[in-house]
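In this note's numbering, the protein residues as written are 2 to 196.
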Amino acid sequence: MKTVKVIMTMVLAFAMTMTVSAQAFDKAHMKEIKKEVKKYEKEGWKVVPGSLSLTDQLTRSKKVELEEDVEGNPKWTVGVASSVGGVYDAARMQAMTLAKAELAALLSTNLTQKFEVGVNNESLPHAEAESKAKAIMAAKALSIDQKLGNPRVLFDAYRELPNGNVEVTLRVAVAQNKMDDILGELITASNDITN
């Protein structure tokens, strides 16, 4: 009986700790999220019927952006993009393409940094490292887009512009470990290209 009480006490203490940490997030970030929602609503942004509200999407987005692994590194890489089109679907597709391009640009930056530091134990000047990274990214552009696949959509809103067009803004995320895997493949490809 004592063991059951001790276990129940531990479970209850753990549950209370989790609740307190969730409340800390809410108190610390909800004010910021509410301001952002007001700004979006004032500017005429809406969500597609049937999807989460602006508040829920921004809350989810903030939580994902703040997620960390056990080492304290971000779990997700986030890309943000906006696009204007004649209809919602066209603008959204273009915004998704731009968000994925931003993620690919982050990969290119990371690849350049790896070359500067010296992937093969040889340090390269910035210009040469950047040139090498650009050549590899150009050679692998299609496969990078395919490897990124469909990123997780964190925030999706649209507004109708006075000229009749539709502007869509997206915030998407790809797991950091997936980005690291793609970066590893690019480094391996660079060794194949340079050798």
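Where a beta carbon is used, it is the ideal one built from N, C-alpha and C, also for glycine.
Its chain contains I188 as the residues whose beta carbon lies nearer than 7 Å to that of K115, once the 5 sequence neighbours on both sides are disregarded; these appear in chain order. Contact between V38 and L59 is confirmed by a C-beta separation of about 6 Å, below the 8 Å threshold. Contact between L104 and L149 holds, with the beta-carbon distance rounding to 6 Å and staying under 8 Å. If only complete runs of 4 or more residues are kept, the stretch 53-111 shows the alpha helix (DSSP H) at 55-67, in order along the chain. When DSSP states are grouped into helix, strand and coil, L155 belongs to the strand group. Judged by beta-carbon spacing, R153 lies beyond the 7 Å limit of V81, meaning their Cβ atoms are not closer than that value.
Shown here, L184 sits in a helix according to DSSP, grouped into three states. With 16 or more other CB atoms across the displayed protein chains lying within 10 angstroms of its CB, V175 is buried.
One thing to note: A96 has its Cβ within 7 Å of the Cβ of S83.
Annotation: N178 to N111 spans about 14 Å, alpha carbon to alpha carbon. When DSSP states are grouped into helix, strand and coil, E44 belongs to the coil group. Between the beta-carbon of A158 and that of K47 there is about 7 Å, and that keeps the pair under the 8 Å contact cut. Excluding the 5 residues flanking it on each side, D146 has same chain C-beta neighbours closer than 8 Å at K101, A105, in chain order.
Per DSSP, the unbroken beta strand (DSSP E) holding V167 starts and ends at 167-176. By the beta-carbon neighbour count (other beta carbons within 10 angstroms, threshold 16), A29 is exposed.
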